Amino acid sequence: MSSTVSRKILTNTLGPATWRSFSQALPSVRDRPSMGDLNNTAAVREHLRPVADPAYHFRSYAIPPSDDDPAVRERYRPFLLDKDISDSDWVATLELATAAKMVETEILAQQKDRLRILVLYGSLRTRSYSKLLAYEASRILFRLGCDVRVYDPSGLPVKDDQQHDHPKVQELRELSKWSDGHLWVSPEQHGTLTGVFKNQIDWVPLSTGSVRPTQGRTLAIAQVNGGSQSFNAVNSLRILGRWMRMFTIPNQSSIPKAWTHFTDADDPVDGGSRLKPSSNRDRLVDCMEEFVKYTIVMRPHFDLFGDRFSEREEKKEKEKKDAAQASVEAVAQILKSM
Numbered sequence: 052m053s054s055t056v057s058r059k060i061l062t063n064t065l066g067p068a069t070w071r072s073f074s075q076a077l078p079s080v081r082d083r084p085s086m087g088d089l090n091n092t093a094a095v096r097e098h099l100r101p102v103a104d105p106a107y108h109f110r111s112y113a114i115p116p117s118d119d120d121p122a123v124r125e126r127y128r129p130f131l132l133d134k135d136i137s138d139s140d141w142v143a144t145l146e147l148a149t150a151a152k153m154v155e156t157e158i159l160a161q162q163k164d165r166l167r168i169l170v171l172y173g174s175l176r177t178r179s180y181s182k183l184l185a186y187e188a189s190r191i192l193f194r195l196g197c198d199v200r201v202y203d204p205s206g207l208p209v210k211d212d213q214q215h216d217h218p219k220v221q222e223l224r225e226l227s228k229w230s231d232g233h234l235w236v237s238p239e240q241h242g243t244l245t246g247v248f249k250n251q252i253d254w255v256p257l258s259t260g261s262v263r264p265t266q267g268r269t270l271a272i273a274q275v276n277g278g279s280q281s282f283n284a285v286n287s288l289r290i291l292g293r294w295m296r297m298f299t300i301p302n303q304s305s306i307p308k309a310w311t312h313f314t315d316a317d318d319p320v321d322g323g324s325r326l327k328p329s330s331n332r333d334r335l336v337d338c339m340e341e342f343v344k345y346t347i348v349m350r351p352h353f354d355l356f357g358d359r360f361s362e363r364e365e366k367k368e369k370e371k372k373d374a375a376q377a378s379v380e381a382v383a384q385i386l387k388s389m
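The opening position of the sequence shown corresponds to residue 52 in our numbering, with each subsequent residue numbered one higher.
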């Protein structure tokens with residue numbers, strides 16, 4: 052139907068005066084999308100972008116060695132670099148003002164515990180790119196004041212129903228219980244995440260009653276690819292996170308041809324095995340910044356998110372049954388004593 056015919060129909064239906072008022076309120080041709088509805092921004096909700104406070108642009112809230120547990124630092128922070136490198140590398144020069152201000156005002160200034168982040172990666176290779184990416188992400192999180200602990204999957208037995216007392220299993224479970232949020236990084240292999248990664252998740256108990264041990268925690272996800280960019284692994288990680296009742300952040304990182312994105316291990320610049328500048332590196336920064344913000348906002352309400360109608364009803368029914376059983380036993384005891 053032509054615009055002329057449409058205009059005549061609307062004029063006859065609405066009346067000339069109403070049509071004139073209506074048509075004047077419509078956007079001009081120049082304001083309308085020029086590519087059909089592809090780039091239509093009319094439905095976009097207006098939002099105010101936070102103004103970054105210059106005072107926080109390059110601040111670091113990393114735990115200093117003097118305040119850190121030496122055993123934790125040695126075992127769980129393999130991503131740390133020499134101070135002369137970390138004070139001036141690419142992570143140190145990131146403008147992270149909005150997240151940094153949240154860390155200071157909502158955590159440190161109120162003397163609350165730092166965000167506790169468990170990092171899992173999915174490869175045992177000597178030069179594992181998922182491990183290298185996990186280390187780079189950990190450096191960003193550490194700079195933003197997080198207590199970051201990276202779990203080494205080496206030596207973790209394949210999931211069975213016999214070895215739950217294995218030291219590596221107990222270590223993983225304790226770290227998961229300790230954490231406020233998880234960062235998961237897996238390679239994509241045969242179109243999905245690796246067995247090394249999934250084995251770690253399988254060792255985290257599925258539930259305690261009806262409550263998942265990870266319920267309410269936040270989750271950030273990333274993957275590395277040997278070939279072109281894909282999202283199969285992060286999609287699988289997202290499904291895992293949902294099944295474990297975690298809040299997975301909207302953003303995600305996928306590094307294509309990962310072997311081209313890292314410097315050599317012996318490269319003198321920034322300590323070697325570092326992520327090269329690219330839009331993919333910028334996306335990783337976006338994810339970690341978003342992860343910190345979401346965790347700060349949600350951590351005070353973890354218990355609230357775990358409170359559900361169905362579980363309250365289940366608890367009531369159990370209490371009724373227990374009370375009835377107690378009454379029966381009491382009557383039986385009275386009759387027995389007569």
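Even for Gly, the Cβ is constructed at its ideal location relative to N, Cα and C.
In this text, all values refer to a predicted model and were calculated from it rather than measured experimentally.
Segment limits, alpha helix (DSSP H) that includes residue i
i      : result
Ile158 : Counting along the chain, Ile158 falls outside any alpha helix (DSSP H), and DSSP gives it neither H nor E.
Val95  : Per DSSP, Val95 belongs to no alpha helix (DSSP H) and is neither H nor E.
Ser305 : Careful: Ser305 lies outside any alpha helix (DSSP H), inside the beta strand (DSSP E) at 304-306.
Gly292 : 283-294
Thr149 : 148-154
Gln384 : 360-388
Thr144 : From DSSP, Thr144 is part of no alpha helix (DSSP H); its letter is neither H nor E.
Gln221 : 218-229
Tyr186 : 180-194
Met349 : 330-349
Leu355 : 353-356
Gln251 : 246-254
Lys134 : 134-137
Pro121 : 121-127
CB-CB length for residue i against residue j, believed under 8 Å
i      : j      : result
Pro218 : Val247 : Contact flag wrong, Cβ pair sits at about 18 Å.
Gly322 : Asp315 : Their Cβ separation, rounded to whole angstroms, is 11 Å, which puts Gly322 and Asp315 out of contact at 8 Å.
Arg200 : Val123 : 7 Å
Thr140 : Leu132 : Per the sequence shown, residue 140 should be read as Asp rather than Thr. The pair is a contact, with the Cβ atoms about 7 Å apart (cut-off 8 Å).
From the options, residue whose alpha carbon lies closest to that of residue i
i      : options                        : result
Ser329 : Phe313, Ala185, Pro129         : Phe313
Pro101 : Pro116, Ala151, Thr144         : Ala151
His352 : Lys372, Phe298, Gly196, Lys327 : Phe298
Leu226 : Phe282, Arg96, Tyr127          : Tyr127
Leu145 : Leu195, Trp229, Val285         : Leu195
Gly232 : Glu341, Ala381, Gln214, Ala284 : Glu341
Lys228 : Val255, Asp318, Thr92          : Val255
Ser179 : Arg325, Lys372, Glu97          : Arg325
Asp354 : Asp318, Pro319, Val320, Arg263 : Arg263
Asp138 : Asn91, Phe193, Glu97           : Phe193
Pro319 : Pro105, Ile136, Pro116         : Ile136
Glu125 : Ala94, Tyr202, Ser181          : Tyr202
Ser230 : Asp317, Arg350, Gln162         : Arg350
Beta-carbon proximity check, residue i vs residue j, cutoff 8 Å
i      : j      : result
Ile168 : Leu234 : yes
Ile347 : Ile158 : yes
Trp296 : Thr265 : A quick correction: the sequence has Arg, not Trp, at residue 296. Yes.
Leu291 : Ile252 : yes
Val343 : Val142 : no
Thr269 : Tyr345 : yes
Gly267 : Phe360 : no
Ala160 : Tyr107 : no
Ser189 : Phe130 : yes
Arg9   : Asp118 : No statement about residue 9 is possible, as the shown extent of the chain runs from 52 to 389 and does not include it.
Leu244 : Ser174 : no
Val285 : Asn250 : no
Residue range of the unbroken beta strand (DSSP E) whose run includes residue i
i      : result
Pro238 : 232-238
Leu171 : 167-172
Val199 : 198-201
Ala273 : 269-275
At least three beta-carbon pairs within less than 8 Å, the segment 270-290 to the segment 219-239: yes
Given 8 Å, three or more beta-carbon pairs between the segment 217-231 and the segment 363-375: At 8 Å Cβ cutoff, the stretches do not touch.
Cβ contact check for the segment 337-347 and the segment 306-324: 3 or more pairs under 8 Å: no
Three or more C-beta pairs below 8 Å linking the segment 261-275 and the segment 288-305: yes
Contact between the segment 100-115 and the segment 181-188 (3+ Cβ pairs under 8 Å): no
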